[in-house]
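*Asks:* Yeah, the sequence shown ends on 132 if you go by full-length UniProt numbering, and it's all consecutive.
First the structure, which I've put down as structure tokens, then a few questions once you've had a look.
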Amino acid sequence: MENLAKLTIDREQCIGCGKCVRTCPSGIFYLDEQKKAAHIEIKEFGWDGCWQQDTDIACAYFELLCSAHGLGAVMMSYLVDVLKLMPDLRNMLEIPENHYFGMMVGFGFPEISYMRGVQKKDELKVHRLRFT
């Protein structure tokens, strides 16, 4: 564990060089369209209530919000383990010790467009299955 790399980012001095994106082995940092800041959304809740479900629901709604605004979003649960190994990163992200987080969402402007289930361009293409 002593060999883990340590990466710290000063948000005030971010110039959008992308070094954090290239350097981080876990891929938790993303740059926006203007290459100005790292983007990651971490939904965390206090330990009271339905924290597991609250986190999952909040991330699912955030993914829908990104899609509605033309942003790409990727759900990342493996990064929870990364933050457990790097407590300094958790402090930098200002996640209180008494809060649970089980999912992160990376978001930004996608380089590739995928065909969506709902087609917003062209005419409506509906295929119906009929039993006779």
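Beta carbons are placed, not taken as given, at the ideal position from N, Cα and C, and that holds for glycine.
For G106, does the count of other Cβ atoms within 10 angstroms reach 16, so buried, or fall short, so exposed?
*Replies:* Residue mapping note: residue 106 aligns to position 106 of the sequence shown, counting from 1. It is buried - the Cβ of G106 has at least 16 other Cβ atoms within 10 Å.
*Asks:* For the candidate residues M75, D54, T55 and D56, whose alpha-carbon lies nearest to that of G108?
*Replies:* In the sequence shown, counting from the first residue as 1, residue 108 sits at position 108. Looking at the Cα atoms, M75 is the closest of the given residues.
*Asks:* Taking the CB atoms as reference points, tell me whether T55 and M86 lie closer together than 8 Å.
*Replies:* Residue numbering aside, residue 55 sits at position 55 when the sequence shown is read from its first letter. Residue numbering aside, residue 86 sits at position 86 when the sequence shown is read from its first letter. Not closer than 8 Å, so no.
*Asks:* Considering only DSSP beta bridges, list what M75 is partnered with.
*Replies:* What you label residue 75 is simply residue 75 of the sequence shown in a count that begins at 1. M75 pairs with V105.
*Asks:* Short of 7 Å in beta carbon distance, which residues of its chain neighbour L83, apart from the five on each side in sequence? Order them along the chain.
*Replies:* To locate residue 83, count along the sequence shown from 1; it is residue 83. Excluding positions up to five away in sequence, the list reads L89 and R90.
*Asks:* The alpha helix (DSSP H) spanning P87 covers which residue range?
*Replies:* By 1-based counting over the sequence shown, the position of residue 87 is 87. Segment P87 to M92, the alpha helix (DSSP H) holding P87.
*Asks:* Would L79 be called buried (16 or more neighbouring beta carbons within 10 Å of its own) or exposed?
*Replies:* Working through the sequence shown from its first residue, we reach residue 79 at position 79. Buried.
*Asks:* Taking 8 Å as the cut-off, decide whether the C-beta atoms of C66 and A73 are in contact.
*Replies:* As a first step, residue 66 is located in the sequence shown; it is residue number 66 there, counting from the start. As a first step, residue 73 is located in the sequence shown; it is residue number 73 there, counting from the start. Contact flag set, yes.
*Asks:* When DSSP labels each residue in this structure, what does R130 get in the three-state scheme?
*Replies:* Here residue 130 is taken as the residue at index 130 of the sequence shown, counted from 1. Coil.
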